[in-house]
Amino acid sequence: MSHAAAALLALTAGPTLSGCGDGATESPVPLQGLSVQGRTVSTTATVGGCGAARLTSRESESTVSLALKVRSTGKEGQPCPTYIARLQISTTLREPVGHRSVVDATTRATLRPPG
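Residue 45 in the numbering used here sits at position 45 of the sequence shown, with consecutive numbering throughout.
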């Protein structure tokens with residue numbers, strides 16, 4: 001392959017990072033922003049080219065606790081694109097938030113007071 005063809009391929013494919021991990025480890029991330037619509041709770045997560053995020057909830061009579069976790073979906077030794085994306089991530093509750101407070105399971109911060 002000529003140098004010109006290799007350069008064109010690199011520009012077309014975009015830059016990559018190697019060693020993106022095996023996807024086995026999830027890292028908790030503080031929540032930034034919150035939207036509540038009925039039983040659906042949403043937030044945004046920033047992930048890289050080989051990243052995925054999930055939002056989970058634990059409910060009690062008085063509290064909804066939310067945990068946002070980000071993990072690598074890349075395979076060890078394979079390159080990952082170097083873009084960053086903000087994704088909307090949602091979870092569905094058993095019951096609407098209603099009068100319950102909403103807390104971030106990572107920071108223990110109250111995101112929405114009871115009411």
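Glycine residues also receive a C-beta, built at the ideal position from the N, C-alpha and C atoms. Given the structure is predicted, the values throughout are model-derived calculations rather than measurements.
Starting from residue i, follow its DSSP beta bridges and name the residues at the other end.
| i | result |
| --- | --- |
| Q37 | T40 |
| Q88 | T44 |
Would you say residue i lies against chain B (beta-carbon separation less than 8 Å)?
| i | result |
| --- | --- |
| G51 | Going by chain labels, chain B is absent from the structure shown, which holds only one protein chain. |
What do you get for residue i, buried or exposed, if any count of 16 or more other CB atoms within 10 angstroms of its CB means buried?
| i | result |
| --- | --- |
| G49 | buried |
| S27 | exposed |
| H99 | exposed |
| T107 | exposed |
| I89 | buried |
I need the straight-line Cα distance from residue i to residue j, nearest angstrom please.
| i | j | result |
| --- | --- | --- |
| L111 | R94 | 19 Å |
| R58 | R86 | 24 Å |
| P96 | V64 | 10 Å |
| L183 | S60 | Residue 183 is absent from the model: the chain starts at 1 and stops at 115. |
| T91 | S72 | 20 Å |
| T82 | T25 | 20 Å |
| V103 | G74 | 30 Å |
| P30 | Q78 | 28 Å |
| T56 | T44 | 13 Å |
| A67 | A105 | 5 Å |
Considering just the uninterrupted stretch of the beta strand (DSSP E) at residue i, what are its terminal residues?
| i | result |
| --- | --- |
| L55 | G51 to E59 |
| S72 | T63 to S72 |
| R112 | T110 to R112 |
| P28 | E26 to V29 |
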